[in-house]
Amino acid sequence: MSYLVNVDIGGTHTDGVVIDEQGEITDGKVASTPDDFSAGFFSSLEVMANKLGTDIEGLLNDTELVSHGTTVGTNAVLEGDDVDTKLVTTKGSESVLSMMRGAAGRTSGLSVEEYLHMQEVTKPDPLVSKKDTYGLNERIDCMGDVVVEFDEEQARDIAETIAESDVDSVAISCLWSFLNPDHEERMEEILEEEIDSDVFLTRSSDLTPTWGEYERTAATAINALIGPSTSEYIEKIDDRLEELGYDGTLLVMQVGGGVAPAEDAIREPVRTIDSGPAAGMTGCSYLADTLEHDNIIAADMGGTSFDVGLITDGEPITKATNVVRQYDYSIRNIDIESIGNGGGSIAWVEENTDRLRVGPQSVGADPGPACYGQGGEKFTVTDAAVLCGFIDPEYFLGGRESLDLDSAKAAAESLMDATGMELMDVARGVIEISNAQMADLISQRTINKGYDPRNFTVYAYGGAGPLYLPSIANRLSVDEIIVPTGDSSSVWSAVGISSSDVLHRNEESNMRTFAPFDPEDMTEQFSTIEDDIRADLESEGFDDEDIRLERYANLSYGLQVHEVTVPVPSGELTEDDMGEIISRFEEKYEQLYGEGAGASQTGFELVTLRVDGYGESTKPSLRAEAAEAHTDGGIVETEEIFWPAENEYLDTAVYYQDDIGPGMDFDGPAVMRLNNTTVAIPESDSGEIDQYNNIIIQS
Numbered sequence: 003m004s005y006l007v008n009v010d011i012g013g014t015h016t017d018g019v020v021i022d023e024q025g026e027i028t029d030g031k032v033a034s035t036p037d038d039f040s041a042g043f044f045s046s047l048e049v050m051a052n053k054l055g056t057d058i059e060g061l062l063n064d065t066e067l068v069s070h071g072t073t074v075g076t077n078a079v080l081e082g083d084d085v086d087t088k089l090v091t092t093k094g095s096e097s098v099l100s101m102m103r104g105a106a107g108r109t110s111g112l113s114v115e116e117y118l119h120m121q122e123v124t125k126p127d128p129l130v131s132k133k134d135t136y137g138l139n140e141r142i143d144c145m146g147d148v149v150v151e152f153d154e155e156q157a158r159d160i161a162e163t164i165a166e167s168d169v170d171s172v173a174i175s176c177l178w179s180f181l182n183p184d185h186e187e188r189m190e191e192i193l194e195e196e197i198d199s200d201v202f203l204t205r206s207s208d209l210t211p212t213w214g215e216y217e218r219t220a221a222t223a224i225n226a227l228i229g230p231s232t233s234e235y236i237e238k239i240d241d242r243l244e245e246l247g248y249d250g251t252l253l254v255m256q257v258g259g260g261v262a263p264a265e266d267a268i269r270e271p272v273r274t275i276d277s278g279p280a281a282g283m284t285g286c287s288y289l290a291d292t293l294e295h296d297n298i299i300a301a302d303m304g305g306t307s308f309d310v311g312l313i314t315d316g317e318p319i320t321k322a323t324n325v326v327r328q329y330d331y332s333i334r335n336i337d338i339e340s341i342g343n344g345g346g347s348i349a350w351v352e353e354n355t356d357r358l359r360v361g362p363q364s365v366g367a368d369p370g371p372a373c374y375g376q377g378g379e380k381f382t383v384t385d386a387a388v389l390c391g392f393i394d395p396e397y398f399l400g401g402r403e404s405l406d407l408d409s410a411k412a413a414a415e416s417l418m419d420a421t422g423m424e425l426m427d428v429a430r431g432v433i434e435i436s437n438a439q440m441a442d443l444i445s446q447r448t449i450n451k452g453y454d455p456r457n458f459t460v461y462a463y464g465g466a467g468p469l470y471l472p473s474i475a476n477r478l479s480v481d482e483i484i485v486p487t488g489d490s491s492s493v494w495s496a497v498g499i500s501s502s503d504v505l506h507r508n509e510e511s512n513m514r515t516f517a518p519f520d521p522e523d524m525t526e527q528f529s530t531i532e533d534d535i536r537a538d539l540e541s542e543g544f545d546d547e548d549i550r551l552e553r554y555a556n557l558s559y560g561l562q563v564h565e566v567t568v569p570v571p572s573g574e575l576t577e578d579d580m581g582e583i584i585s586r587f588e589e590k591y592e593q594l595y596g597e598g599a600g601a602s603q604t605g606f607e608l609v610t611l612r613v614d615g616y617g618e619s620t621k622p623s624l625r626a627e628a629a630e631a632h633t634d635g636g637i638v639e640t641e642e643i644f645w646p647a648e649n650e651y652l653d654t655a656v657y658y659q660d661d662i663g664p665g666m667d668f669d670g671p672a673v674m675r676l677n678n679t680t681v682a683i684p685e686s687d688s689g690e691i692d693q694y695n696n697i698i699i700q701s
């Protein structure tokens, strides 16, 4: 037997899956271990190995590929790890990280609640302080020409000063280095001669050679800040896997939607930030290909957050910059937006208004919701679901754990006192507020971006997504919600990692290149990028038939800031191709910003050329099953369950894991209590389970 093994670490749970050659999925969901995330990684492997009747060594001996999605980098930024980082930049630009993007530095990455209280919001501390920033005598202009020669003597003095300090990492980011990296490369050489070999070193022209002085410098600084802890963590996982008998390559999920060998992730850990949600999106793309769905709203509700991304015309939407802790940085990523709205989100009462609120704070894995019985005293969304009866306290996680209903009730008392509400009114309010926040985020990502949600199918996954998302379909006028592969939806990000190819993404900025574009020049630029990517993939063992290259161009109207990405044909480009590229740009621009929003009279500017190079790896097979065994539905019992939207108890059909399977039809109201998640089908809905165990709910 040959397995694909994938482990994704989230804020509350660590999710693992083993996928065999027939597509059978064995899961391993365990509590995350923030003090040492690697403990959760191997605990998940142990759970899965036990289910397969072996131990970790036996599992890894039969494993073809191990892939990993990690939050270590994200947490390092969010928690502000105590890392001594220095920044070397062009003299005169030492304040770029402090200035940020002006007012945007106060607003990037804020929740709706924080926007409503802007007077209380300030810029975050700079990623690297002014005292740890060194100005280098050198200057390259916007054409890539040297206007101030590199000062060797001063550069050596800077390197010696840094070497004398107890430094953990160094970032190098000079003006316009993405057009001419010579000065950055020379500074790197001098630093390597002076500093200890264990100091983490990164430069912007290697990491993210794109325009945007602040965003490029921020990306480089973040990479340096999280480099020591993330590289240590990945090396620890890699070494332990080798000790246990795994002789393959450890692949690490990237925020751009692909995986990379561990050594690449160690060098560029900034690309692992927010990689968990990206893995879920990749899994949705893979499933959408099978089900022939072009437009998907990917909705992931876990223990701490709710994440939404869009797939349009079969491709996930990406963006050129990401944001974490109000820091915008230049790393192309799958465009996913998150809010603090998960099963562990805390319900609270706003001062002065006495309004009931939910999130963004979460109880996390420890102590967890009050009903977990681990000492938690805060009332959460999960506590509300237990009180309503969706989750059976005696059958949590397929009966592997039991919940404490009395603790959930006790946690609600402070909310009842503050609002004057009865117990079930509190439970109803918490779920309805949570659902409204999710519906609002989906509306922002669709309607506010020029997309009609009625043209989309919602994929609901994560540990909590299948329970709550079906109830908001009517608010969005969405006709169909799919719970991917049923119970495996709770570990969908881990499944998504297994469907990811090795990705190398290279970009080249073309500042001030205006139409008409030269097809020969553009072909030559693309060919150079493609040659570099092909060489990298070949060095990793991929043959020509396993390599796929995709071209893209970022265009804008003349001297405007809004860029739009369009695909570019392969091979030798022609004048007709240039016209088609501009036509695609104008069409997509109007889709995003409204009919008549274009400004063709200002001309067209080519901002960036990009190539995504994929090394196609082994994919899981979606296992199709026969439908005969479950065509009658197999209802075990009915219960009186309180449905918040209806504000009443309804006689509800209840199914358990062994009661459902391919070919089954069902009508709402119904609840499916599976091994790792709960699915709630509202009264007005119906559906079926297809051959791949997808639970398809028609609204």
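The opening position of the sequence shown corresponds to residue 3 in this note's numbering, with each subsequent residue numbered one higher.
Quick reminder that beta carbons are idealized off the backbone N, C-alpha and C, glycines included.
Discussion item. Cutting at 7 Å between CB atoms, please list the residues of its own chain near D538, excluding the five before and the five after it.
Written reply: H506
Item to complete: Using 10 angstroms around the beta-carbon of L405, count the other beta-carbons present and answer buried if the total reaches 16, otherwise exposed.
Response: buried
Item to complete: In angstroms with no decimal places, state the Cα-to-Cα distance between L551 and S572.
Response: 8 Å
Worksheet item: So, helix, strand or coil for T382, using DSSP?
Response: strand
Discussion item. Between which residues of its own chain and E532 is the CB-CB distance below 6 Å, once the five residues before and five after are set aside?
Written reply: L551 and V613
Worksheet item: According to the Cβ coordinates, are I341 and G311 closer than 7 Å?
Response: no
Worksheet entry | Residue of V504, A264 and G346 minimising C-alpha distance to I236 | A264
Item to complete: Using the DSSP secondary-structure output, state which residues sit across from P318 in a beta bridge.
Response: I313
Item to complete: Please go through the segment 135-187 and give each complete beta strand (DSSP E) segment of 3 or more residues, from N-terminal end onward.
Response: 135-138, 148-150 and 171-175
Worksheet entry | Opening and closing residue of the alpha helix (DSSP H) in which Y235 lies | E215 to E245
Discussion item. Taking 8 Å as the cut-off, does the segment 637-656 touch the segment 355-363 (at least 3 CB pairs, one atom from each stretch)?
Written reply: no
Worksheet item: Considering only residues of the same chain and omitting the five flanking positions on each side of L177, which have a CB-CB separation below 7 Å?
Response: T92, S95, R141, I142 and E215
Worksheet item: Between N437 and S479, is the Cβ-Cβ spacing less than 7 Å?
Response: no
Fill in: First through last residue of the alpha helix (DSSP H) which encompasses Q527
P521 to S541
Worksheet item: Taking the DSSP output, what are the residues bridged to A301?
Response: V310 and A462
Worksheet entry | Of the residues I691, G400, F528 and S511, the one placed nearest W213, counting alpha carbons only | S511
Worksheet item: With respect to the beta strand (DSSP E) encompassing E607, which residues constitute its N-terminal and C-terminal limits?
Response: F606 to G617
Discussion item. Can you tell me whether G109 is helix, strand or coil according to DSSP?
Written reply: One detail in the question is off: residue 109 reads as Thr in this sequence, not Gly. The answer is helix: DSSP assigns T109 an H, G or I state.
Discussion item. Starting from Y374, trace the beta strand (DSSP E) in both directions and tell me its first and last residue.
Written reply: Y374 -> no beta strand (DSSP E), and no H or E assigned at all.
Worksheet entry | C-alpha gap between G548 and E415, whole angstroms | Rather than Gly, the amino acid found at residue 548 in this sequence is Asp. About 60 Å.
Worksheet item: Comparing alpha-carbon positions, which option in N63, D84 and A280 lies nearest T72?
Response: A280
Worksheet item: Does DSSP classify F202 as helix, strand or coil?
Response: strand
Discussion item. Please identify the residue among T274, S500, Y288 and L624 whose C-alpha is closest to the C-alpha of N324.
Written reply: T274
Practice prompt. Can you give me the start and stop residues for the alpha helix (DSSP H) that I58 sits inside?
Written response: I58 to N63
Discussion item. On a Cα-Cα basis, can you pick out the residue from D208, S131, T284 and C373 that is closest to F398?
Written reply: C373
Worksheet item: Under a three-way DSSP split, which group does G361 fall into?
Response: strand
Discussion item. Quick check on the DSSP output: the alpha helix (DSSP H) that includes D419 runs from which residue to which?
Written reply: L407 to T421
Practice prompt. Work out the CA separation of D64 and L289 for me, nearest whole Å.
Written response: 26 Å
Worksheet item: Going by alpha carbons, who is nearest to T16 out of K31, L209 and S4?
Response: K31
Discussion item. I'd like to check one pair, R218 with S332: are the Cβ atoms closer than 7 Å?
Written reply: yes
Worksheet entry | Where R334 falls: helix, strand or coil (DSSP) | coil
Practice prompt. Could you give the DSSP three-state label for T274: helix, strand or coil?
Written response: helix
Worksheet item: Does the count of Cβ pairs from the segment 588-600 and the segment 558-570 closer than 8 Å reach three?
Response: yes
Worksheet item: Thinking C-alpha only, which one of V568, I697, T35 and S701 is nearest A322?
Response: V568
Worksheet item: Quick one: Cα of S179 to Cα of T28, how far?
Response: 48 Å
Worksheet item: To the nearest angstrom, how far is it from the Cα of I160 to the Cα of I298?
Response: 51 Å
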